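Below is one structure; the comments refer to it alone.
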Amino acid sequence: MLSTPVGAGKREAAPIHRPANVTVLSVTTALIVVTLYTWYPVLPVVFQHRGASNFEVSMVYTLISLAAALLQLQGGILAERFGRRLLIALPTFVAAILYGVVWWSSNWPVLAIALIVMNVTGALQNPSFTAMTAESVPSRQRAHAFSMFQFASGLATLAGPAIGALLLPSLGARPLMGMTALASLVAGAVRITMLKDTRREVSAHKIRIRDAFSGRLRPLTMASTAFMAVASLTVSGPFIALYAHNEGHLASAAVNLLFSVGWLPAVVLSFWLGRRIEAFGSARALAIGVTGHLGILGLWLLLRGELPMMAALAASFLFYQLAVIAWGTLRMEQVGQENAAAALGAMGTVAGVVSAAGPILGGAFASVIGPVGAFLLAGAMGGWTLLALRRLPAA
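Dropping the structure here:
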């Protein structure tokens, strides 16, 4: 349960478990991701080819991250009022339109604006994803549910770059962007027809941004902020691709293959990782995942050649997968059931806005320190994550 500053005083409604939701979310997300990742890993290179400088690429990634955070609280509040299904399905249709704009665009500012607007609408969707995944199963099965979702999205992340490595040399990125628009349209239709709501009775207490800084949510918000910053500087940011391309001297197709092979152990072992979280506890598993991810990524920076870089990145991504699954489980354990989506939205807004500075700060560090600057900053954010986790109360 949430502490008093976030919401209390009203009995929670009985859970409405709908395990099929996890399958629908997993499959539709995989459909979008497999097409998206045929070209998204080389997006920084696409920006460069369309005239953007390294600093401009970092600025775009910062704005994309910021856009993905701004409306999360509103998305959570709307999900409590109208249900998770609509807040998941409708932004998917908007994404289909915007991927169409991405396909149509011929210069980097239009491409950037479309991706930024897409993430603004995606922010409305984010709290419902986490809440619906966790609420669709009994609490003891949450780690398994998040493992299934990460397995599906990870499998797509694995397959997408491999397909892109085959298609990019002959087709280029533009037709692959069109495929992503079509996949989003299909996914939206499936979600609106097949998802079933898990919305609970809503407390009279209204969630505010300040609630993310009070009670038991405060250390969870700090841990989430730091972990999201780690992600924005590593897996979700431009720096791994740029480092592999510029310092590792890998071609665009090889960078795509690097990501494809890198996700292989994480995908294969997703359910095993879920069982490890059940054994270790979600907070401890998150700490292990962050430490392993950043430690091995530090070794990756010293390597050259496709095979050594692939092997090290695969080990780093395995730990990152452990951290992501644990993070989803931990947030629902700490938040509880009442007003879950709104509370997740408040935390997501704060964490997303702060961590959105990661790419631009990483770019600034890189311009002063060199190509490893962004990764040093990621290490500092990893240390912040570990410190915040030590302050979490018992769930």
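My numbering applies: residue 358 is where the sequence shown begins, and numbers increase by one. Just so it is clear, CB atoms sit at the ideal spot from N, CA and C, and this is done for glycine as well. Predicted model, so just to flag it, every value in this text is computed and none were measured.
For residue i, name the three-state secondary structure that DSSP assigns.
i	result
T395	coil
W460	helix
E492	helix
G727	coil
L359	Below a pLDDT of 50, predicted positions are generally treated as unreliable, and L359, at 35, falls in that range; the measurement from the model is reported next regardless. In this structure, L359 counts as coil in the three-state DSSP scheme.
P716	helix
R442	helix
G408	coil
G366	Note that G366 has pLDDT 41, beneath the 50 cutoff, so the model's placement of it is unreliable and the number below is only indicative. DSSP places G366 in coil when its eight states are reduced to three.
V612	helix
R375	coil
H501	helix
T514	helix
Is residue i buried or exposed, if buried means 16 or more other CB atoms sit within 10 Å of its CB?
i	result
S463	exposed
P484	buried
W684	buried
V363	With a pLDDT of 43 at V363, under the threshold of 50, the modelled position of that residue is not reliable, and the figure given next carries that caveat. The residue is buried, with at least 16 neighbouring Cβ atoms inside 10 Å.
R438	exposed
S410	exposed
V725	exposed
F722	buried
L670	buried
F503	buried
A500	buried
K581	Checking the sequence, you will find Ser at residue 581 rather than Lys. Label assigned to S581: buried.
A636	exposed
L664	exposed
On a CA-only basis, which of the options is nearest residue i? Give me that one, please.
i	options	result
R407	P595, P466, I597, L577	P466
K553	A513, H650, L733, T380	T380
L615	R632, T449, R661, L539	R661
L656	L428, G736, M704, L444	G736
G720	V403, F732, G521, A700	F732
L382	T449, W741, E413	T449
L746	S639, L658, A668	S639
G646	P376, Q691, T742	T742
A668	I682, V681, L539, I653	I653
Within the stretch 621-686, ranges of the alpha helix (DSSP H) (whole runs, at least 4 residues):
621-625, 627-637, 639-657
With a floor of 4 residues, list each alpha helix (DSSP H) that falls wholly inside the stretch 572-601, ordered by position along the chain.
574-590
Any contact between the stretch 665-678 and the stretch 492-501? By contact I mean 3 or more CB pairs, one from each, below 8 Å.
no
So, does the stretch 498-512 touch the stretch 618-633, judging by three or more C-beta pairs under 8 Å?
yes
Can at least three beta-carbon pairs, one atom from the stretch 577-589 and one from the stretch 600-617, be found at a separation below 8 Å?
no
Is there contact between the stretch 521-540 and the stretch 388-397, where contact requires at least three CB pairs shorter than 8 Å?
yes
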